[in-house]
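The structure under discussion appears below in the form of C-alpha cells.
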Amino acid sequence: MNKNKSNKLKGIVVALKANFLIVEIDYKNFKDHSFDEFYEKIRLLCIRKGKLNYQGLFIDVGDIVCVESIDYKNKRAVVADVEPRQSFLKRPAVANVTLVSICISADEPLFDMEQTSRFLLTAECANIEPLIILTKIDLITNNDLILYINKFKSWGYDCIPVSIHNSQGIDSLIERFRKTKLTVLAGPSGVGKTSLINHLIPTVSLPTSVVSKKLKRGTHTTRHVELFAIGNGSLLADTPGFNRPEIVCEPSDFAFLFPEFRTQLINSQCKFRNCLHRDEPGCVIDKDLERYPFFRENLEEMINSPLPYQAG
Ligand SMILES: Nc1nc2c(ncn2[C@@H]2O[C@H](COP(=O)(O)OP(=O)(O)O)[C@@H](O)[C@H]2O)c(=O)[nH]1
Ligand SMILES: [Mg+2]
Ligand SMILES: [Zn+2]
C-alpha cells in the first residue's frame, strides 16, 4: 500500500513524551484512484534504537531524525539516527531553531529594557535570528506604538506589533512564520505567548496564565516544548515562562551581541585591537546609545567575575 520501499524516512522531533519521541514525517498518499500523489504530515510515536543510547546522543525537540520500522497503521516507528544540528537553543532546549520571536508586551507587564535585552542577547549568543513581537498593542496609543517601533529600530531590530483583541498584525505574523522553518516564541511570562499560539492555531488550546494566576506560581507547567504546524511546512513552539535568561559570553565578544554596536565595529575600527569599549581612547562605540549603560554594567560584572560569566 503506502509503504515506503526501504521503510526508512527522515522526520523532525516535534515533542518528547515520557520515553517516547513524537516524530513528524511526510507521508506519501494517493488520492482515491487517481494517480495524483500528495504529501501530508503525520506524527509517529517512536522509541529510540538501543544504539543511540549507547552512543549517548541526546535528542531534543527540533532534531532531524531517521525513522525506520514504520508501522503506518498504528503510527509507530523507531528512531535510528539523528542528524547534526544547525543551531541549538538551550532554554528551552530546541534544536535547529531558525527564528527566535521575542514577545514583549506594550503594557501589562510594563516594558523592561534590561529584560528585553536579555532575551535578545540569548538569541544572539546562540547565533539565531531574533525578531521582536510587540504584543497587546490594543492597550497603547498610536504615538506610543511609534515610540516602541523607533526604539527597537535604534537597537537594530524590526518588530511586528500585534494584538489578539483586534487581530492587528496577525496576518503579517502568520506570513512571517510561514517563511520560517522553525520559530520559537520566547519572552517573559504574561506577555501573551500562549494566547498568541491559541489565536494563530485555533485547533490547539493551551492553558493561558489567567488560569495559572488563580492557582499561583509554578503551576503553569508548560514544561514540555511542542512544535505546532502553522502551514507551509513551518513549525512554531511556545516556551514556558522564565524571566531572566542567562548570558554566557567572553567580555571581548559582548559588544558584538548588540546590533547597534556591531554595526559600528564592522564599519570602523577602535584604535586598540583589544578595546573593550570602556574608556579607551579611539573607541568607535557611541556611548550615548540607549543600551550603552546596560552593556557597560554587564561588561564590568563580566570582567570582575570568574569565567564563564553568566549575566542574570
Ligand atoms: N489586552 C490584551 N491582552 C492580551 C493580549 N494577548 C494576551 N493577553 C492577555 O495576557 C494574559 C497573559 O497571556 P498568556 O498567553 O498566558 O501569556 P504568556 O505567559 O506569555 O503565555 C492573559 O490574561 C491574556 O488574556 C492582547 O493582545 N491584548
Ligand atoms: Mg504561556
Ligand atoms: Zn572600542
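Numbering (our numbering), first residue to last: 287 to 598. Even glycine gets a Cβ: it sits at the ideal position worked out from N, Cα and C.
State the start and end residues of the unbroken beta strand (DSSP E) segment that holds Phe558. Here residue 558 corresponds to residue number 272 of the sequence shown, with the count starting at 1. Taken as a continuous stretch (DSSP letters only), Phe558 belongs to no beta strand (DSSP E), as it is neither H nor E.
Give me the pocket residues for ligand 3, defined as CB within less than 6 Å of any heavy atom, sorted by chain position. Cys556, Cys561, His563, Glu566, Cys569, Val570 and Ile571
In chain order, what residues of the same chain lie with their CB nearer than 6 Å to the CB of Tyr313, ignoring the 5 residues before and after it? Along the sequence shown, read from residue 1 onward, the residue named residue 313 stands at position 27. Excluding sequence neighbours, Tyr313 sits near Glu326 and Ile328.
What number of angstroms, rounded off, separates the C-alpha of Gly476 from the C-alpha of Glu394? What you label residue 476 is simply residue 190 of the sequence shown in a count that begins at 1. What you label residue 394 is simply residue 108 of the sequence shown in a count that begins at 1. Spanning the two alpha carbons is a distance of roughly 8 Å.
For Pro579, the three-state DSSP class (helix, strand or coil): Locating residue 579 in the sequence shown gives position 293, counting from the first residue. It is helical.
Quick check: the stretch 403 to 412 against the stretch 455 to 465, are there 3 or more CB pairs under 8 Å? no
Is it buried or exposed for Lys479, if we count other Cβ within 10 angstroms and need 16 for buried? Translated into positions along the sequence shown, residue 479 becomes position 193. Per the 10 Å Cβ criterion, buried.
Lys479: beta carbon under 7 Å from a heavy atom of ligand 2? The residue given as residue 479 occupies position 193 in the sequence shown. Result yes, Cβ under 7 Å from ligand 2.
Which residue marks the beginning of the beta strand (DSSP E) containing Cys445, and which one marks its end? Along the sequence shown, read from residue 1 onward, the residue named residue 445 stands at position 159. Cys445 -> beta strand (DSSP E) spans Cys445 to Pro447.
For my contact list, Leu406 and Ile388 are in at a C-beta cut-off of 8 Å; report their separation, rounded to the angstrom. Along the sequence shown, read from residue 1 onward, the residue named residue 406 stands at position 120. Along the sequence shown, read from residue 1 onward, the residue named residue 388 stands at position 102. Yes, Leu406 and Ile388 are in contact; Cβ-Cβ is about 6 Å, under 8 Å.
Step through the CB atoms of chain B and report whether any lies within less than 8 Å of the CB of Val490. Of the protein chains in this structure there is only one, and it is not chain B.
Thinking Val299 and Asp367 are a contact (beta carbons under 8 Å), I'd like their distance in whole angstroms, please. Locating residue 299 in the sequence shown gives position 13, where the first residue counts as 1. Locating residue 367 in the sequence shown gives position 81, where the first residue counts as 1. At roughly 12 Å, the Cβ-Cβ gap does not stay under 8 Å, so Val299 and Asp367 are not in contact.
Can you tell me the Cα-Cα spacing of Ile350 and Glu532, whole angstroms? Along the sequence shown, read from residue 1 onward, the residue named residue 350 stands at position 64. Along the sequence shown, read from residue 1 onward, the residue named residue 532 stands at position 246. Taking the straight line from one Cα to the other gives about 27 Å.
First through last residue of the beta strand (DSSP E) which encompasses Ala523: Within the sequence shown, the letter at position 237 stands for residue 523. First-last of the beta strand (DSSP E) with Ala523: Ser520 to Ala523.
Indicate the three-state DSSP secondary structure (helix, strand or coil) for Ser481 in the structure shown. By one-based count along the sequence shown, residue 481 stands at place 195. Correct three-state label for Ser481: helix.
Whether or not the stretch 331 to 348 and the stretch 376 to 390 are in contact is what I'm after, with contact meaning three or more pairs of Cβ atoms, one per stretch, closer than 8 Å; do they touch? yes
Pair within 8 Å by beta-carbon distance, Cys535 and Leu543: As a first step, residue 535 is located in the sequence shown; it is residue number 249 there, counting from the start. As a first step, residue 543 is located in the sequence shown; it is residue number 257 there, counting from the start. In contact: Cys535 and Leu543 (Cβ atoms closer than 8 Å).
Going by C-alpha distance, which of Leu295, Ile460 and Arg559 is nearest Phe514? As a position in the sequence shown, residue 514 is number 228, starting the count at 1. Checked all of Leu295, Ile460 and Arg559; the closest Cα to Phe514 is Ile460.
Taking DSSP as the reference, what is the three-state secondary structure of Glu586? Residue mapping note: residue 586 aligns to position 300 of the sequence shown, counting from 1. Helix, per DSSP.
On the DSSP bridge assignment, give the partners of Tyr313 in chain order. Mapped onto the sequence shown, residue 313 falls at position 27. Answer is Glu326.
Any chance the CB of Thr421 is under 7 Å from a heavy atom of ligand 1? If you number the sequence shown from 1, residue 421 lands on position 135. Checking every heavy atom of ligand 1 against the Cβ of Thr421, one is found closer than 7 Å.
Three-way DSSP call (helix, strand, coil) for Pro488 in this model: In the sequence shown, counting from the first residue as 1, residue 488 sits at position 202. Three-state DSSP puts Pro488 in coil, outside helix and strand.
Nearest-angstrom Cα distance between Leu420 and Val448? Taking the sequence shown and counting its residues from 1, one reaches residue 420 at position 134. Taking the sequence shown and counting its residues from 1, one reaches residue 448 at position 162. C-alpha separation (whole angstroms): 6 Å.
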